[in-house]
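Since the structure comes first, as structure tokens, the remarks are kept for the end.
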Amino acid sequence: MPWFLIEPFGYRYPISENEDEGLSIGRTPDNDVILQDLEVSRHHAFIKVRGQEAWLYDRDSANGTWLNGVRISSPQSLHAGDEIRVGEVVLRMLYTEPEVIEPPISHSGDFVESNSKQTVIQYSLLGALLGLVGLAIVGLFIFGAVGKHKAAAPVASPYASYADAIRATVFVLTPVGDTPNGRAGTGVVITSKGRILTAYSLVINPGTGRSYNRNNRVMVAVLRNELPASGRMDWYLAHVVRADRQRDVAVLQIYALENGATLPNSFRLHTIPIGNSDELRVDDAIALISFPAGGENSGASLGKALALGQGHALSFLPDPNIQVDRGWIATDMALSQNNIGAPVLDGDGRIVGIYPGEDAAQKSGSANSVRPVNLARPLWVTGP
């Protein structure tokens, strides 16, 4: 999609070309752009694309919506470079020429492409749209750590230590163009209203900086919140609201049921406990929860099994590109593209990191490195 809204720290919000959608700006968590500014109304402004044009609407805000220094009193057409001020925050419009996005070339452990795996993706896509698939957890597997530590002995029930994190871990499926292929991986719920943290390259094409499909659409499967636990999952539609290529993370917002219907007022999701990655120390025990996605051994279990990996933090590596001393957490877990988007937990079951995928992790010098969760915090909310 060619229209983007740029916020002060440089994050780009893609604006859907679907006239039934758009980009909402305000102070409450149900907005696409969340601004922690007391001068901003709960639901302050809205941007909608009509054809090739983007339009700005004020939503009866207390302090007004300002376009290029002028308070608007009616919907205004937007142009590239326009500045929008809400409260004390100045946002900027960006327009990029549309292009046809070809399906990316498959790499080992990346795209699902063999006949058996493609069938699984097609079935998942169809089921997500038509409500024909009820995913179930069919297994919980322990995969070993490598390096200087041996894997910790499996406990009788991993659910006891990681129950909250498991309930908040979701299956993420991003359609690629108009093909039956899709990028599959893991995400985690960070707000009860449907904000999902995941890996950048799972939902955004690193080569173009755009969604893998024209509608900026992602499908998310969430463990059903019921007792006794059944392992069944509910599908939702989501879109990317924030993405940071340098930090290798993205934030999604669930906006509709699987059939496109409006979310009910009672919609709430179980959230993952948030840890502090700065408090993690060398040799601390960590764990990773993921829906294995891709690779040679996925087969029909794609998106249907949770895997639990256990290991330790080996060291903390700088990232000069974003000028931080703790840009990576090196681990002794054997990670791969199968685990893309998976949350990394501390000993108390709190998220302290996220696995960005094998290619992104290699920037640290090791495919087994993860991004600290503190690097992703600026994506959850925006301040002046």
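Per my numbering: the sequence shown = residues 236 to 619.
For every residue, glycine included, the Cβ atom is placed at its ideal position computed from N, Cα and C.
> Do residue 258 and residue 477 have their CB atoms nearer than 8 Å?
Replying inline: Result no, Cβ atoms of residue 258 and residue 477 do not sit closer than 8 Å.
>> Quick check on residue 517: buried or exposed, where buried means 16 or more other Cβ atoms within 10 Å of its Cβ?
In response: exposed
> What residues match up with residue 301 in a beta bridge as DSSP calls it?
Replying inline: Looking at the DSSP output, residue 301 sits in a beta bridge with 306 and 320.
> Which of helix, strand or coil does DSSP assign to residue 241?
Replying inline: strand
>> Along the chain, where does the beta strand (DSSP E) containing residue 288 start, and where does it finish?
In response: 288 to 293
> Is residue 613 helix, strand or coil by DSSP?
Replying inline: helix
> Going by the CB atoms, is the gap between residue 407 and residue 475 shorter than 8 Å?
Replying inline: no
> So is residue 554 buried or exposed if we call it buried at 16+ other beta carbons inside 10 Å?
Replying inline: The C-beta of residue 554 has 16 or more other C-beta atoms within 10 Å across all chains shown, which makes the residue buried.
> How many whole angstroms separate the CB atoms of residue 508 and residue 585, which I take to be in contact at a CB cut-off of 8 Å?
Replying inline: 4 Å
>> Considering just the uninterrupted stretch of the alpha helix (DSSP H) at residue 435, what are its terminal residues?
In response: 435 to 438
> Taking three-plus beta-carbon pairs below 8 Å as touching, is the region 498 to 515 in contact with the region 419 to 435?
Replying inline: Yes, the region 498 to 515 is in contact with the region 419 to 435.
> Among the residues of its own chain, which have a CB less than 7 Å from the CB of residue 488, if the five just before and after it don't count?
Replying inline: 267, 429, 430, 473, 474 and 476
> Quick one: is residue 291 buried, meaning 16 or more other Cβ sit within 10 Å of its Cβ, or exposed?
Replying inline: buried
>> In the DSSP assignment, the alpha helix (DSSP H) including residue 267 goes from what residue to what residue?
In response: Counting along the chain, residue 267 falls outside any alpha helix (DSSP H), and DSSP gives it neither H nor E.
> What residue from 496, 608, 315 and 293 has the CA that sits closest to residue 308's CA?
Replying inline: If we check each option's Cα against that of residue 308, 293 comes out closest.
>> One question on the structure: do residue 595 and residue 436 come within less than 8 Å of each other, judged by their Cβ atoms?
In response: Cβ atoms of residue 595 and residue 436: closer than 8 Å.
> Would residue 261 be called buried (16 or more neighbouring beta carbons within 10 Å of its own) or exposed?
Replying inline: buried
> Which residue from 583, 414 and 601 puts its Cα closest to that of residue 591?
Replying inline: 601
>> Spatial neighbours of residue 484 within its chain, please: C-beta separation below 8 Å, excluding the five flanking residues on both sides.
In response: 432, 433, 434, 435, 478, 589, 591, 606, 610, 611 and 614
>> I believe residue 552 touches residue 604 by the beta-carbon criterion, under 8 Å. Please report the beta-carbon distance rounded to the nearest angstrom.
In response: 7 Å
> In terms of alpha-carbon separation, which member of 564, 410, 304 and 420 lies closest to residue 318?
Replying inline: Among 564, 410, 304 and 420, the Cα nearest to that of residue 318 belongs to 304.
>> Just to confirm, is the Cβ distance from residue 285 to residue 254 under 8 Å?
In response: yes
>> Could you compute how far the alpha carbon of residue 249 sits from the alpha carbon of residue 320?
In response: 18 Å
> Out of curiosity, what's the CA-to-CA distance linking residue 570 and residue 582?
Replying inline: Each residue's alpha carbon lies about 19 Å from the other.
> Alpha carbon to alpha carbon, what distance is there between residue 469 and residue 283?
Replying inline: 29 Å
>> Going by the DSSP bridge assignment, what does residue 499 pair with across the sheet?
In response: Its beta-bridge partners do not exist; DSSP assigns none.
> Is residue 514 buried or exposed, if buried means 16 or more other CB atoms sit within 10 Å of its CB?
Replying inline: The residue is exposed, with fewer than 16 neighbouring Cβ atoms inside 10 Å.
> Is residue 277 buried or exposed, if buried means 16 or more other CB atoms sit within 10 Å of its CB?
Replying inline: exposed
>> Measuring only the C-alpha atoms, how far is residue 402 from residue 297?
In response: Rounded to the nearest angstrom, the gap between the Cα atoms of residue 402 and residue 297 is 39 Å.
> When the Cα of residue 413 is compared with those of 269, 574, 597 and 452, which residue comes out closest?
Replying inline: 452
> Whose C-beta lies closer than 8 Å to the C-beta of residue 439 among residues of the same chain, with five residues either side of it excluded?
Replying inline: Here the set comprises 445, 446, 447, 475, 478, 480 and 485.
>> Considering only DSSP beta bridges, list what residue 315 is partnered with.
In response: According to DSSP, which records beta bridges pairwise, residue 315 is partnered with nothing at all.
> Would you call residue 493 buried or exposed, if buried means 16 or more other Cβ atoms sit within 10 Å of its Cβ?
Replying inline: By the beta-carbon neighbour count (other beta carbons within 10 angstroms, threshold 16), residue 493 is buried.
>> What does the Cβ neighbour count give for residue 390, buried or exposed, with the cut at 16 atoms within 10 Å?
In response: Confidence in residue 390 is poor, its pLDDT being 45 and thus under 50, which makes the residue's placement too unreliable to answer from.
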